[in-house]
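Undergrad: Chains as they are written, first to last, in our numbering: chain A, 3 to 324; chain B, 3 to 324.
Number of protein chains: 2
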Amino acid sequence: MSDVIEQLQSITTHVDKAISEMLPIAYPDELYKASRYLPDAGGKRLRPATLVLAAQAVGSNLNDVLPAAVSVELVHNFTLIHDDIMDEDSFRRGMEAVHVKWGLAGAILAGDTLYSKAFEILAGMDNDPARLNKCIELLSQTCTQICEGQWMDIEFEHRDDVTKEEYLEMVEKKTSVLYAAAAKSGAILGGASDEVANSLYDFGRLIGVGFQIYDDVLDLITPEDVLGKVRGSDLMEGKKTLIALHAINNGVDLKIFGKGSAEKSEIEEAVKVLEESGSIDYAQELAFSYIQEGKEKLKVLPDSDSKATLLEIADYMIERKY
Amino acid sequence: MSDVIEQLQSITTHVDKAISEMLPIAYPDELYKASRYLPDAGGKRLRPATLVLAAQAVGSNLNDVLPAAVSVELVHNFTLIHDDIMDEDSFRRGMEAVHVKWGLAGAILAGDTLYSKAFEILAGMDNDPARLNKCIELLSQTCTQICEGQWMDIEFEHRDDVTKEEYLEMVEKKTSVLYAAAAKSGAILGGASDEVANSLYDFGRLIGVGFQIYDDVLDLITPEDVLGKVRGSDLMEGKKTLIALHAINNGVDLKIFGKGSAEKSEIEEAVKVLEESGSIDYAQELAFSYIQEGKEKLKVLPDSDSKATLLEIADYMIERKY
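Right under this line is the structure:
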């Protein structure tokens with residue numbers, strides 16, 4: 003386990019416990035079992051941890067913002083359940099996807115339930131109503147953007163003219179706005195000024211984009227046994243990642259692009275070609291610069307352990323192995 | 003058009019206009035077209051009208067609560083889109099369902115977008131933060147209950163031992179809590195006391211249950227050209243309506259129950275059998291008593307035109323022909 007993930011243990015333990023308490027198995031039991039299935043399977047809890055650390059960094063504490071942390075984690079899991087249906091992915095976190103285990107209707111409803119529970123838990127928090135409303139408005143806007151990002155991602159599959167700017171907008175909406183909302187919500191609930199809250203939003207947004215670009219890099223450079231899925235799967239699926247876009251724009255001949263499957267030797271050749279064309283380096287350097295820019299946004303915060311951990315989360319985005 | 007629907011015209015015109023303004027077609031356009039497709043197709047707008055009338059009846063006005071009225075209408079439409087996927091219904095309001103026109107992924111995302119937009123619009127309202135917060139918590143709890151009700155409805159299809167109490171709980175969650183939330187939200191935003199707000203909740207809940215029970219009656223007693231769908235379709239689908247439960251409990255032999263399809267003469271015979279067993283009367287009388295009980299809850303309100311229209315909406319639930 004990486005150092006930062008270990009440091010987050012004390013927060014994630016509280017988040018795990020709070021999920022069980024705030025999303026109890028109630029009647030109809032099977033609906034709640036389907037809703038709890040993914041959140042209970044764990045995950046790194048980077049989004050709720052970011053929220054808690056942001057609150058701590060502006061002078062608040064874990065207990066006062068824990069429900070909001072649960073809320074962003076439930077939103078994240080809701081998007082995973084519905085995305086797996088849309089992308090026809092049968093596995094998630096090494097387990098059967100919710101729609102495989104509970105069927106289409108079950109998965110739609112499990113996602114919808116997490117969605118409403120997220121807002122229920124947030125609205126029911128014991129905090130200043132005006133601050134709470136700001137967070138609710140932010141989270142709902144964020145959910146809308148996630149839908150827009152997922153729509154764009156699906157649309158891009160059928161287009162040959164996706165630009166770098168469009169890719170970055172898609173990634174920002176699909177992935178990074180939830181990190182941004184988590185960081186800003188922590189600041190708002192902790193009573194930070196608008197300036198600090200907005201800087202934390204930018205921090206989350208920038209490291210979220212860096213995270214996703216680096217994810218595309220990991221798909222190519224990570225051995226399969228570490229990655230947990232087939233290496234180069236993005237390439238074979240014809241996903242318009244930044245790496246693929248760079249290669250296409252530079253006239254690189256990617257033989258396996260969009261072919262659905264390929265031999266190990268073909269994948270290795272493709273990775274070599276992408277290394278030589280500078281496409282992997284290009285994406286990796288862009289990811290690094292997003293992380294760097296994100297970290298600079300934290301200059302508005304006074305030094306603290308929590309701030310230090312937020313900076314380590316930013317670095318972790320581009321240091322992690324999977 | 004019935005008298006009450008005509009009386010609601012001035013409210014529904016505002017609601018229609020507000021939906022266009024608050025849910026503009028933005029990028030990615032096709033997502034917003036899919037999201038707007040059902041709301042734009044009209045409908046009676048009974049839920050937003052109930053919210054506006056409740057607010058007026060406690061001394062507020064249409065303009066001050068219009069966003070909240072749009073919000074409950076969007077939630078209603080979100081549930082219709084996802085329900086049509088789950089129930090594999092291909093038509094809605096005489097048009098192709100969203101999942102038929104935009105595919106599964108498109109319909110899931112269109113529904114999810116309406117869901118988040120509903121909360122975005124509500125949280126962004128210009129009203130007292132504490133009141134807004136109460137409404138958001140209420141609406142999110144309501145959405146959770148709608149999910150529970152839909153889950154129960156699906157589960158009941160595979161069970162032979164559904165009780166009247168379970169049926170009523172399902173109907174309350176799936177249908178009536180949104181009427182209840184609409185009425186109560188109008189009261190809360192209008193500044194009513196908790197006592198008045200809770201009475202309005204009960205009003206909405208009771209007339210909502212009456213509405214749904216009467217819907218099951220209409221399925222049997224309404225000629226097809228008025229109903230817009232095959233008469234007796236609930237029976238043929240084997241739906242455990244209150245009428246079916248009453249008949250089964252009284253040992254009535256319903257030959258076409260759950261048979262998928264039937265000749266016109268068989269349906270007429272089934273209706274006759276259900277009339278003779280008193281099953282239709284039983285449901286009709288129960289619907290009437292719910293409406294009556296609901297109307298009594300409005301005694302907490304001073305007399306006004308808006309109160310009078312709320313009472314007419316209650317009557318309309320069991321007077322309408324479709």
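Ideal Cβ positions, reconstructed from N, Cα and C, are used throughout, including at glycine.
Report yes if the CB atom of A:Ser37 is closer than 8 Å to the CB atom of A:Thr115, and no otherwise.
TA: Closer than 8 Å, so yes.
Undergrad: Hey, is B:Ile110 close to the ligand PLP, as in C-beta under 7 Å from one of its heavy atoms?
TA: Questions concerning the ligand PLP fall outside what the structure shown contains, since it holds no ligand whatsoever.
Undergrad: In whole angstroms, give me the CA-to-CA distance for A:Glu271 and B:Val74.
TA: Cα-Cα distance, rounded: 55 Å.
Undergrad: Any chance the stretch 158-165 of chain B sits against the stretch 122-135 of chain B, with 3 or more Cβ pairs inside 8 Å?
TA: Segments in contact, no.
Undergrad: By DSSP, does B:Glu287 sit in helix, in strand, or in coil?
TA: The answer is helix: DSSP assigns B:Glu287 an H, G or I state.
Undergrad: Short of 6 Å in beta carbon distance, which residues of its chain neighbour B:Leu303, apart from the five on each side in sequence? Order them along the chain.
TA: Answer for B:Leu303: Ala59 and Lys309, listed in chain order.
Undergrad: Since B:His16 is in the alpha helix (DSSP H), which residue starts that stretch and which ends it?
TA: Gln11 to Met24 is the span of the alpha helix (DSSP H), which, as asked, contains B:His16.
Undergrad: In terms of residues, what are the limits of the alpha helix (DSSP H) holding B:Phe80?
TA: Looking at the DSSP string, the run of the alpha helix (DSSP H) that includes B:Phe80 is Leu64 to Met88.
Undergrad: Can you name, in chain order, every residue of its own chain whose Cβ lies under 7 Å from the Cβ of A:Tyr203, other than the five neighbours on each side?
TA: Ala182, Ala185 and Lys186, listed in sequence order.
Undergrad: Given 8 Å as the limit, is there contact between the stretch 103-113 of chain A and the stretch 215-226 of chain A, that is, 3 or more CB pairs closer than that?
TA: No: fewer than three Cβ pairs fall under 8 Å.
Undergrad: Compare the C-beta of A:Ser142 with all C-beta atoms of chain B and state if any pair is closer than 8 Å.
TA: For A:Ser142, the answer is yes, since a Cβ of chain B falls inside 8 Å of its Cβ.
Undergrad: Report the residue ranges of all beta strand (DSSP E) runs contained in full by the stretch 207-244 of chain A; include only those spanning at least 3 residues, in chain order.
TA: List check, beta strand (DSSP E) in window: nothing returned.
Undergrad: Per DSSP, what are the beta-bridge partners of B:Arg94 in this structure?
TA: For B:Arg94, which the question treats as bridged, DSSP gives the partners B:Met97.
Undergrad: Would you mind reading off the limits of the alpha helix (DSSP H) that contains A:Asp317?
TA: Note, A:Asp317: alpha helix (DSSP H), Asp307 to Met319.
Undergrad: Drop a sphere of 10 angstroms on the beta-carbon of B:Ile320, count the other beta-carbons inside from all chains shown, and report buried for 16 or more, exposed for fewer.
TA: Buried, since its Cβ has 16 or more Cβ neighbours within 10 Å.
Undergrad: Between which two residues does the alpha helix (DSSP H) holding B:Ser187 run?
TA: Per DSSP, B:Ser187 belongs to the alpha helix (DSSP H) from Val179 to Leu191.
Undergrad: Is A:Met127 near A:Ala70, with beta carbons less than 8 Å apart?
TA: Yes, Cβ-Cβ distance for A:Met127 and A:Ala70 is below 8 Å.
Undergrad: Kindly indicate the opening and closing residues of the alpha helix (DSSP H) around A:Ser267.
TA: It spans Lys266 to Glu278 - the alpha helix (DSSP H) in which A:Ser267 sits, taken as one unbroken run.
Undergrad: In or out: A:Phe213 buried (at least 16 other Cβ within 10 Å) or exposed?
TA: Result: buried.
Undergrad: Sort B:Ala125, B:Asp163 and B:Asp217 by Cα distance to B:Glu287 and report the nearest one.
TA: Among B:Ala125, B:Asp163 and B:Asp217, the Cα nearest to that of B:Glu287 is on B:Asp217.
Undergrad: For B:His84, decide whether its Cβ has a neighbour in chain A, counting only Cβ atoms nearer than 8 Å.
TA: Yes, B:His84 counts as interfacial toward chain A.
Undergrad: Taking contact to mean at least 3 C-beta pairs separated by less than 8 Å, is the stretch 243-262 of chain B in contact with the stretch 165-173 of chain B?
TA: Judged by Cβ distances under 8 Å, the stretch 243-262 of chain B makes contact with the stretch 165-173 of chain B, as three or more pairs qualify.
Undergrad: Name the chain A residues that come within less than 7 Å of B:Trp153, Cβ to Cβ?
TA: Residues of chain A passing the Cβ test: Pro30, Leu33 and Leu111.
Undergrad: Quick check: the Cα distance between B:Leu180 and B:Gly210, rounded to an integer number of angstroms?
TA: Roughly 8 Å between the two C-alpha positions.
Undergrad: Taking A:Leu300 and A:Leu55 to be in contact with their CB atoms under 8 Å, please state how far apart those CB atoms are, rounded to whole angstroms.
TA: Wrong, their Cβ atoms sit about 10 Å apart, outside the cutoff.
Undergrad: Compute the Euclidean distance between the alpha carbons of A:Gly240 and A:Lys35, then round it to the nearest angstrom.
TA: Approximately 35 Å between the Cα atoms of the pair.
Undergrad: Whose CA, out of B:Glu298, B:Ala189 and B:Gly253, lies closest to the CA of B:Ser281?
TA: Ranking B:Glu298, B:Ala189 and B:Gly253 by Cα distance to B:Ser281 puts B:Gly253 first.
Undergrad: I'd like the span of the alpha helix (DSSP H) that includes A:Pro50, first residue to last.
TA: Note, A:Pro50: alpha helix (DSSP H), Leu48 to Ala59.
Undergrad: Going along the chain, which residues of its own chain have a beta-carbon closer than 8 Å to the beta-carbon of A:Ala20, five neighbours each way excluded?
TA: Counting only Cβ-Cβ distances below 8 Å, and skipping sequence neighbours, we find Leu68, Pro69, Ala71 and Val72.
Undergrad: Check A:Pro30 in the structure and name its three-state DSSP category.
TA: In the structure shown, A:Pro30 sits in coil (DSSP, three-state: anything other than H, G, I, E or B).
Undergrad: Taking a Cβ distance cut-off of 7 Å, strictly less, list which residues of the stretch 121-132 of chain A are near chain B, in chain order.
TA: Listed by position, the residues of the stretch 121-132 of chain A near chain B (Cβ gap below 7 Å) are Phe121, Glu122, Ala125, Gly126, Pro131 and Ala132.
Undergrad: Which of the three DSSP states is assigned to A:Glu159 in this structure?
TA: Coil, per DSSP.
Undergrad: So with Cβ pairs under 8 Å, would you call A:Leu134 a contact of chain B?
TA: Closer than 8 Å: yes.
Undergrad: Using a cut-off of 8 Å between C-beta atoms, extract the partners of B:Glu157 located in chain A.
TA: Simply Pro30 and Glu32.
Undergrad: Smallest Cα separation from A:Val173: which of A:Ala289, A:Asp162 and A:Ala51?
TA: Of the candidates A:Ala289, A:Asp162 and A:Ala51, the one whose C-alpha sits nearest the C-alpha of A:Val173 is A:Ala289.
Undergrad: I need the DSSP call for A:Pro304, collapsed to helix, strand or coil.
TA: A:Pro304: coil per DSSP, three-state reduction.
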